[in-house]
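One structure is given here, and the rest of the page talks about it.
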Amino acid sequence: MQVADIATLLVNSLTWAMATFLVAAGLTLVFGTLHILNFSHGGFFMIGAYLAYSLANAIGGSPSIGVYLFGSLVAGVFVALLGLVVDRLVLRRLAGVEDAYVLIATYALLLVCEGSTKLIWGLNYHSVMPPAVLDGAWLVGNAVLPRLSLFIIAAGVVVFALLEYFLNRTKPGRLVKAIAADPWMAQLLGVNVRLVYTATVALGFALAGLAGGLLVSNQTLSPTLASAFVIQAFGVIIIGGMGSISGAFLGSILLGIIDAFGQWALPGLPGLPFFLAMTLILLLRPQGLMGKAKH
Amino acid sequence: MQNTSFIGCGFRRDVLILAVVMGLALCVPGVLNRGLVFIAGMIWINAVFGLSFNLLFGLSGVLSFGQAMFFAAGAYATAVLTQHFALPLVPALLLSAVFGGALAALVGSVALRRSEGVYFAILTLAFAELIHLLIANTALLGRNDGLAGLVRPRLGIGSWQVDLAAGDNFYYFIVGACGLLILFIRWIVDTPFGRALQAVKQDPERAEFLGIPVRMHRLAIFVLAGATTAAAGALVAPWAQIVTPELAHWSNSTNPILYTLLCGSAYFWGPVLGAVVLSAVFYVTRTLVGMSDMVTGVLLLVVVVSLPGGILGLLARSTRREDKR
Numbered sequence: 000m001q002v003a004d005i006a007t008l009l010v011n012s013l014t015w016a017m018a019t020f021l022v023a024a025g026l027t028l029v030f031g032t033l034h035i036l037n038f039s040h041g042g043f044f045m046i047g048a049y050l051a052y053s054l055a056n057a058i059g060g061s062p063s064i065g066v067y068l069f070g071s072l073v074a075g076v077f078v079a080l081l082g083l084v085v086d087r088l089v090l091r092r093l094a095g096v097e098d099a100y101v102l103i104a105t106y107a108l109l110l111v112c113e114g115s116t117k118l119i120w121g122l123n124y125h126s127v128m129p130p131a132v133l134d135g136a137w138l139v140g141n142a143v144l145p146r147l148s149l150f151i152i153a154a155g156v157v158v159f160a161l162l163e164y165f166l167n168r169t170k171p172g173r174l175v176k177a178i179a180a181d182p183w184m185a186q187l188l189g190v191n192v193r194l195v196y197t198a199t200v201a202l203g204f205a206l207a208g209l210a211g212g213l214l215v216s217n218q219t220l221s222p223t224l225a226s227a228f229v230i231q232a233f234g235v236i237i238i239g240g241m242g243s244i245s246g247a248f249l250g251s252i253l254l255g256i257i258d259a260f261g262q263w264a265l266p267g268l269p270g271l272p273f274f275l276a277m278t279l280i281l282l283l284r285p286q287g288l289m290g291k292a293k294h
Numbered sequence: 000m001q002n003t004s005f006i007g008c009g010f011r012r013d014v015l016i017l018a019v020v021m022g023l024a025l026c027v028p029g030v031l032n033r034g035l036v037f038i039a040g041m042i043w044i045n046a047v048f049g050l051s052f053n054l055l056f057g058l059s060g061v062l063s064f065g066q067a068m069f070f071a072a073g074a075y076a077t078a079v080l081t082q083h084f085a086l087p088l089v090p091a092l093l094l095s096a097v098f099g100g101a102l103a104a105l106v107g108s109v110a111l112r113r114s115e116g117v118y119f120a121i122l123t124l125a126f127a128e129l130i131h132l133l134i135a136n137t138a139l140l141g142r143n144d145g146l147a148g149l150v151r152p153r154l155g156i157g158s159w160q161v162d163l164a165a166g167d168n169f170y171y172f173i174v175g176a177c178g179l180l181i182l183f184i185r186w187i188v189d190t191p192f193g194r195a196l197q198a199v200k201q202d203p204e205r206a207e208f209l210g211i212p213v214r215m216h217r218l219a220i221f222v223l224a225g226a227t228t229a230a231a232g233a234l235v236a237p238w239a240q241i242v243t244p245e246l247a248h249w250s251n252s253t254n255p256i257l258y259t260l261l262c263g264s265a266y267f268w269g270p271v272l273g274a275v276v277l278s279a280v281f282y283v284t285r286t287l288v289g290m291s292d293m294v295t296g297v298l299l300l301v302v303v304v305s306l307p308g309g310i311l312g313l314l315a316r317s318t319r320r321e322d323k324r
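Chains A and B, in that order, give the protein sequences.
0 is the number of the first residue of the first sequence in numbering that gives the first Met the number 0; add one for each residue after it.
0 is the number of the first residue of the second sequence in numbering that gives the first Met the number 0; add one for each residue after it.
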């Protein structure tokens, strides 16, 4: 194994990691605050990606980087609005319902997402050209560094930094954290818990839509995108400790490295290292690497 | 939502219901075309799949998101045993069920020890995906293409022979085999063991205090459900005459969940009716891609959010209201 191979593998693993983190961030935020493990998160990510695809199609040709980012933002805002509808119709009614039923209800939402995607955009595969700036690759020595990969890595880091800043340094962010820790006490102190829940759902869904837009050029679009990504995101937030943003960030990097290097070591069994790692962590440290023990 | 005991009609009445349904099912090939007979056979298999899942969920309060691994294990075991080892059908089916039970013992002894609730659900999902990947990458099992061209074997002892490939014979065989499996599952519910599981579901701590070994009971029912699920999967191999890794995909694990939740996990017959209703939904919407997901998802949402008893719960409530009048 040469240095260039290692560099390429590292870039691959970090791309996988940040792509997965972008999806997992909203998932873990909603879980940490509302304690709802949202199966449909992947579905809304997929809808975000398809929206960005339609937008890019409407404009035509290879989008400029500005249009690409604008499309991602539009997808984020639209999916956040969908999140408000979902919150109103479904999530609010799940308060006090057993965990198992909550999981199944969000799975039902995933089915609705997949169904509507198939109805609106069909079963065919679609793809979006990356903006010209991000097309191609840099060669550093013998290592090939695709620009799109570097863009995704940067996007993941920026979203992580912004989220951490928001949650730890701003007042509304601290409110979210306070409610995640103890909603009853927050209510006593006069916080409108319901409103913060709704805002958190909107933010979580916005992150899903944004991720869809940012990653639209990174993979082919098909209705199976949702389930593929939601399982990856589950793995990442489980490894990192459910509900922790920094845990999801580190968990995605760890799983990305395990996945890329595992595939290099076991080329015949794609995906196996990921599920092995996920299973082992669940068995040995169910609270995740960054999570606190339950008792 | 908090239905604590399993609502059946009493063992004798349920056996009677089963006998009537089987009798009706035997008339199906006389009235419907081949395509619909195939679907009817799949409904029987899926009903057993759903009932096995509900042994875990409705009876014992354990949510597994990985039952497809046992279904696929049974299907592949039968395919390999009949195709590669030329084993007769009945021993192959029995061995497949034993194999499913053994796999469940392996998975359950690890997963039930370490996790509960949502974590257990995700852990079983991860295990099932591991099995899915292993199947899709094993040459003996045909990798992503699966095993095709499976024959429906002959059945017989000595001079008494039935060719299951002929006519609708295999359909009748499925009705018989699934009838036996349903009887077995119904019997489990009524045993002292089944009643102890209901106690475990209501309140694990109190059950433990009363001297019920909670973890052992959960493992035992996980193994039994794994075996009956594998038996159902085993019937798919000769019926569809092809097995593919899709059988082990986690979307197949959600099928029994859909059957059960839709019509009511608190009812013994819930998953059976659910299998019928969802097959009907799939059949009616088959020409419009995506519609079946849409309808299934919305139905399930409505049930979970506003009809916790499922369709059977709704029926029960409306008949009770009529009784009062």
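By construction, the Cβ of each residue, glycine as well, lies at the ideal position given by its N, Cα and C atoms.
DSSP places Ala160 of chain A within a helical segment (H, G or I) once states are collapsed to three. For Val19 of chain B, the number of other beta carbons within 10 angstroms of its own is below 16, and it is reported as exposed. In this structure, Leu166 of chain A lies near Val175 of chain A, with their beta-carbon atoms less than 8 Å apart. A contact is defined here as three or more CB-CB pairs under 8 Å, and the stretch 122–133 of chain A meets this definition with respect to the stretch 52–72 of chain A.
DSSP, read as helix, strand or coil, puts His131 of chain B in helix. Burial check for Asn37 of chain A: the Cβ neighbour count within 10 Å reaches 16 or more, so the residue is buried. When the Cα atoms are used, Val14 of chain B and Pro270 of chain B turn out to be separated by approximately 16 Å. Residue contact with chain B for Asp98 of chain A: present (Cβ-Cβ distance below 8 Å to some residue of chain B). In the three-state reduction of the DSSP assignment, Leu105 of chain B falls in the helix class. Residue contact check for Gly246 of chain A against chain B: no CB pair falls below 8 Å.
Close CB contacts of Tyr106 of chain A within its chain, under the 7 Å cut and outside five residues either way in sequence, are with Phe38 (chain order). Ranked by how close their Cα comes to the Cα of Leu202 of chain A, the residues A:Gly135, A:Ala23, A:Ala16, A:Ile103 have A:Ala23 in first place. Following the DSSP letters along the chain, one finds Ala71 of chain B inside the alpha helix (DSSP H) bounded by residues 67–82. Ile241 of chain B is bridged by DSSP to B:Ala147.
Under the three-state reduction of DSSP output, Gln160 of chain B falls in the strand class.
For Thr19 of chain A, there are no neighbours in chain B by C-beta distance under 8 Å, as the nearest C-beta there is about 15 Å away.
Assigned with DSSP and collapsed to three states, Gly155 of chain B falls in strand. When rounded, the separation of the alpha-carbon atoms in Gln186 of chain A and Ala230 of chain B is 52 Å. Counting along the chain, the unbroken alpha helix (DSSP H) around Leu80 of chain A starts and ends at 64–88. The DSSP-derived three-state label of Pro145 of chain A is strand. Taking the CA atoms as reference points, Glu163 of chain A sits about 17 Å from Ile252 of chain A.
Of all C-beta pairs linking the stretch 72–79 of chain A to the stretch 206–225 of chain A, three or more are shorter than 8 Å, placing the two stretches in contact. By the criterion of at least three beta-carbon pairs nearer than 8 Å, the stretch 82–102 of chain A is not in contact with the stretch 8–20 of chain A. In this structure the stretch 82–95 of chain B does not lie against the stretch 241–252 of chain B, because fewer than three pairs of beta carbons, one per stretch, are closer than 8 Å. In the structure shown, Tyr171 of chain B falls within a helical segment according to DSSP collapsed to helix, strand and coil.
In this structure, the CA atom of Leu140 of chain B is about 10 Å from the CA atom of Ala147 of chain B. Here the alpha carbons of Leu144 of chain A and Val294 of chain B stand approximately 45 Å from one another. At the C-beta level, Phe98 of chain B and Ala76 of chain B come within 8 Å of one another. In this structure, Ser291 of chain B keeps its C-beta atom at 8 Å or more from the C-beta atom of Ile38 of chain B. DSSP, reduced to helix, strand and coil, places Ala265 of chain B outside both helices and strands of the structure shown, so it counts as coil.
DSSP, read as helix, strand or coil, puts Ala85 of chain B in coil.
Linking Val297 of chain B to Ala104 of chain A through their CA atoms gives a straight-line distance of about 10 Å. Inclusion of Val302 of chain B and Leu260 of chain B in the CB contact set at 8 Å is warranted, their separation being smaller than that value. Non-local C-beta neighbours of Leu311 of chain B in its own chain, meaning closer than 6 Å and more than five positions away in sequence, comprise Cys262, Gly263, Tyr266, Gly269, ordered along the chain. Between Gly49 of chain B and Gly273 of chain B, the CB-CB gap stays under 8 Å. Nearest Cα to Leu13 of chain A within the set A:Phe260, A:Ala99, A:Phe44: A:Phe260.
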